[in-house]
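Following: one structure in structure tokens, then a few remarks.
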Amino acid sequence: MNTLFGEKKEGATKIVLKSVDEYPEAPITLGTTLINFTGDWRTFIPVVDDNKCVKCYICWKFCPEPAIYIREDGYVGIDYDYCKGCGICANECPTKAITMEKEEK
Amino acid sequence: MEYKPIRKVVSGNYAAAYAAKHARVEVVAAYPITPQTSIIEKIAEFIANGEVENLQYVAVESEHSAMAACIGASAAGARAFTATSAQGLALMHEMLHWASGARLPIVMVDVNRAMAPPWSVWDDQTDSLAQRDTGWMQFYAENNQEVYDGVLMAFKVAETVNLPAMVVESAFILSHTYDIVEMIPQELVDEFLPPRKPLYTLTDFDNPVSVGALGTPADYYEFRYKIEKAMEKARKVIKEVGKEFGEMFGRDYSQMIELYRTDDADFVFMGMGSLMGTVKQAVDILREEGYKVGAAKVRWFRPFPKDELYELAKNVEGIAVLDRNFSFGQEGILFNEAKGVLYNTDARPIIKNYIVGLGGRDFTVSDVKKIAENMKAVIEKGELDVEVDWYHLKR
Numbered sequence: 037m038n039t040l041f042g043e044k045k046e047g048a049t050k051i052v053l054k055s056v057d058e059y060p061e062a063p064i065t066l067g068t069t070l071i072n073f074t075g076d077w078r079t080f081i082p083v084v085d086d087n088k089c090v091k092c093y094i095c096w097k098f099c100p101e102p103a104i105y106i107r108e109d110g111y112v113g114i115d116y117d118y119c120k121g122c123g124i125c126a127n128e129c130p131t132k133a134i135t136m137e138k139e140e141k
Numbered sequence: 010m011e012y013k014p015i016r017k018v019v020s021g022n023y024a025a026a027y028a029a030k031h032a033r034v035e036v037v038a039a040y041p042i043t044p045q046t047s048i049i050e051k052i053a054e055f056i057a058n059g060e061v062e063n064l065q066y067v068a069v070e071s072e073h074s075a076m077a078a079c080i081g082a083s084a085a086g087a088r089a090f091t092a093t094s095a096q097g098l099a100l101m102h103e104m105l106h107w108a109s110g111a112r113l114p115i116v117m118v119d120v121n122r123a124m125a126p127p128w129s130v131w132d133d134q135t136d137s138l139a140q141r142d143t144g145w146m147q148f149y150a151e152n153n154q155e156v157y158d159g160v161l162m163a164f165k166v167a168e169t170v171n172l173p174a175m176v177v178e179s180a181f182i183l184s185h186t187y188d189i190v191e192m193i194p195q196e197l198v199d200e201f202l203p204p205r206k207p208l209y210t211l212t213d214f215d216n217p218v219s220v221g222a223l224g225t226p227a228d229y230y231e232f233r234y235k236i237e238k239a240m241e242k243a244r245k246v247i248k249e250v251g252k253e254f255g256e257m258f259g260r261d262y263s264q265m266i267e268l269y270r271t272d273d274a275d276f277v278f279m280g281m282g283s284l285m286g287t288v289k290q291a292v293d294i295l296r297e298e299g300y301k302v303g304a305a306k307v308r309w310f311r312p313f314p315k316d317e318l319y320e321l322a323k324n325v326e327g328i329a330v331l332d333r334n335f336s337f338g339q340e341g342i343l344f345n346e347a348k349g350v351l352y353n354t355d356a357r358p359i360i361k362n363y364i365v366g367l368g369g370r371d372f373t374v375s376d377v378k379k380i381a382e383n384m385k386a387v388i389e390k391g392e393l394d395v396e397v398d399w400y401h402l403k404r
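Protein chains in written order, with my numbering: chain A, 37 to 141; chain Z, 10 to 404.
Laid out in structure tokens, this is it:
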């Protein structure tokens, strides 16, 4: 694992580089998305109904962020830290397992 | 293996295509535009004839996509190549920053063509020079041989410093004009240009990287500095690679400014690309007529050969900068660069700008002779008549 890549979530912090020599040659794996959550932009939130999900993963392919991950049990989970609520997943889902609901904040 | 060149009569564009083939490029993504088209046609022909292995041609719908595809391929670790001209290069502009910012050693041939309107397909350097600040290295070829050699060297330099490079040739004057080009046997090209060792790859699944993530003000600055450091390193690498090329194949490119009969010259003509062939011939004639003149051909415009220009300026009384390009509101672009370099030095020869050959206007030996007469008068008088001389203007 690249050290700059870090681990997501619990206690995740962006690695602070103090001198120019510590920087990688190319601007890769900066870790900025670890602290820069983009999920608070949305109004509507996708909710997955596992009973209707057939594990086709079309939502996973189409998610532009990507905020959809595949859970250990094979169903899809949504990473609400990064989901912008675009609704593409709900639109593409062939079994209508994903619905967009107004988010209560 | 002993070097025995393979001599072929080819156009500048075919020279570029053969160089890409010999460099064993793995991905070519390009869109046809006059006068570049025959480069990618020839590459498509290599593929159709089965002459190349492991070369993927991506037919795209625009130059912006061509560069995007090259960026993707290069980030995945492939050796990527493309070619374009004028408006096509301008359309690529946004992606050019992307290539250099992500430190991808893509090589592109730009066939210099005037920007429209008025619509023009003829030679003019403004298209490539307008990409000056994109972080791409730029090599200007004088003839078809230099197009071929330039592409091979550009790959080596680019992959050493991890910056993209542009090899620039003149529309029609080189692109469609046939000349003898000494090509290098594949085994020796392989020796000169081994397979690419990428800085990172998107296909290394054990060490995943994210490319193009957000760079906040806390980090962006350092990466710009790193690009500049790579450009500085490129100055050294270019000279080493040029020297190695000379030792292996007999054509030395260790100088970023090629000096021609400048040793005892009173003044020199400085310029880039194919027009310098005309200038060299004119220098020979002028020498016979008693003018002590020389030619200084700027081979690499980015990184700019500052030290070499400084050395040259110390030993001459005047520099006539021939610009086949123009930066509106100011002056010729090479002239602007050259003056900028010399400002903080002790070397301050008289330097005058001649705007020549825009949009493919003929530039001949007799033009150089007229410029020599004018330059001689300027030096004798010790002051400029005009700083920027629109030499061809119908008055």
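Glycine included, each C-beta is placed from N, C-alpha and C at the ideal position.
From the DSSP output, read off the bridge partner residues of A:Pro82.
A:Met136
A:Thr65 versus Z:Thr225 - alpha carbon distance:
13 angstroms
I think Z:Ala243 touches Z:Val377, with their Cβ atoms under 8 angstroms apart; what is that distance to the nearest whole Å?
About 31 angstroms; that fails the 8 angstroms criterion.
Which first and last residues belong to the beta strand (DSSP E) in which Z:Gln154 is found?
Per DSSP, Z:Gln154 belongs to no beta strand (DSSP E); it is in the alpha helix (DSSP H), Asn153 to Val170.
Interface residues of chain Z around A:Thr65 at Cβ under 7 angstroms?
Val218 and Ser219
Pairing CB atoms from the segment 196-207 of chain Z with CB atoms from the segment 302-318 of chain Z, are three or more of them under 8 angstroms?
no
By the DSSP assignment, the alpha helix (DSSP H) with Z:Leu138 in it spans what residues?
Thr135 to Leu138
Just the Cα atoms here: how many angstroms apart are A:Glu108 and Z:Leu98?
48 angstroms
Three CB pairs or more closer than 8 angstroms across the segment 171-185 of chain Z and the segment 50-61 of chain Z:
no
Under 7 angstroms between C-beta atoms, does A:Thr69 make it to chain Z?
yes
Is it buried or exposed for Z:Tyr40, if we count other Cβ within 10 angstroms and need 16 for buried?
buried
In chain A, which residues lie with their C-beta within 9 angstroms of the C-beta of Z:Ala111?
Ala62, Pro63 and Ile64
Cutting at 7 angstroms between CB atoms, please list the residues of its own chain near Z:Phe258, excluding the five before and the five after it.
Tyr12 and Ile193
Taking a contact to mean a Cβ-Cβ separation below 7 angstroms, would you say A:Cys125 touches A:Cys95 in this structure?
yes
Please say whether Z:Ala85 and Z:Leu223 have beta carbons closer to each other than 7 angstroms?
no
Comparing the C-beta of A:Val56 with each C-beta of chain Z, is any distance below 7 angstroms?
yes
Nearest chain Z C-beta to A:Tyr105 closer than 7 angstroms, yes or no?
no
Between the CA atoms of Z:Asp199 and Z:Ser109 - distance to the nearest angstrom:
25 angstroms
Could you check what DSSP says for Z:Leu331 in three-state terms: helix, strand or coil?
strand
What residue from A:Lys141, A:Glu139, A:Asp85 and A:Ile71 has the CA that sits closest to A:Pro130's CA?
A:Asp85
Taking DSSP as the reference, what is the three-state secondary structure of A:Ile124?
helix
Residues of chain Z with CB closer than 8 angstroms to the CB of A:Tyr59, please, in chain order.
Asp228, Glu231, Phe232 and Lys235
Taking contact to mean 3 or more Cβ pairs, one atom from each stretch, closer than 8 angstroms, check whether the segment 149-158 of chain Z and the segment 11-25 of chain Z are in contact.
yes
Z:Leu208 at chain A interface by Cβ criterion, 7 angstroms
yes
Starting from the beta carbon of Z:Gly224, find every residue of chain A whose beta carbon is closer than 9 angstroms, and list them in chain order.
Pro63, Leu66 and Thr68
Classification of Z:Glu165 by the beta-carbon crowding that lies within 10 angstroms, buried from 16 upward
The question names Glu, yet the displayed sequence has Lys at residue 165 of chain Z. Result: buried.
Among Z:Arg112, Z:Pro14, Z:Ser137 and Z:Ala28, the one whose alpha carbon lies nearest that of Z:Glu237:
Z:Arg112
What separation, rounded to the nearest whole angstrom, lies between the Cα atoms of Z:Pro127 and Z:Tyr187?
28 angstroms
Can you pull the DSSP bridge partners for Z:Ser20?
Z:Tyr187
Please compile the residues from chain A whose C-beta is within a distance smaller than 8 angstroms of the C-beta of Z:Asn171.
Glu61 and Ala62
Tell me the rounded alpha-carbon separation between A:Ser55 and Z:Asp228.
10 angstroms
DSSP on Z:Thr93, reduced to helix/strand/coil?
strand
Along the alpha helix (DSSP H) that carries A:Trp96, what are the first and last residues, could you check?
Ile94 to Phe98
Would you mind reading off the limits of the alpha helix (DSSP H) that contains A:Leu70?
Thr68 to Ile71
Should Z:Phe214 and Z:Val176 be called a contact, given that it needs their Cβ atoms to be closer than 7 angstroms?
no
Given Z:Gly327 as reference, the closest of Z:Asn334, Z:Lys348 and Z:Phe335 once Cα atoms are compared
Z:Lys348
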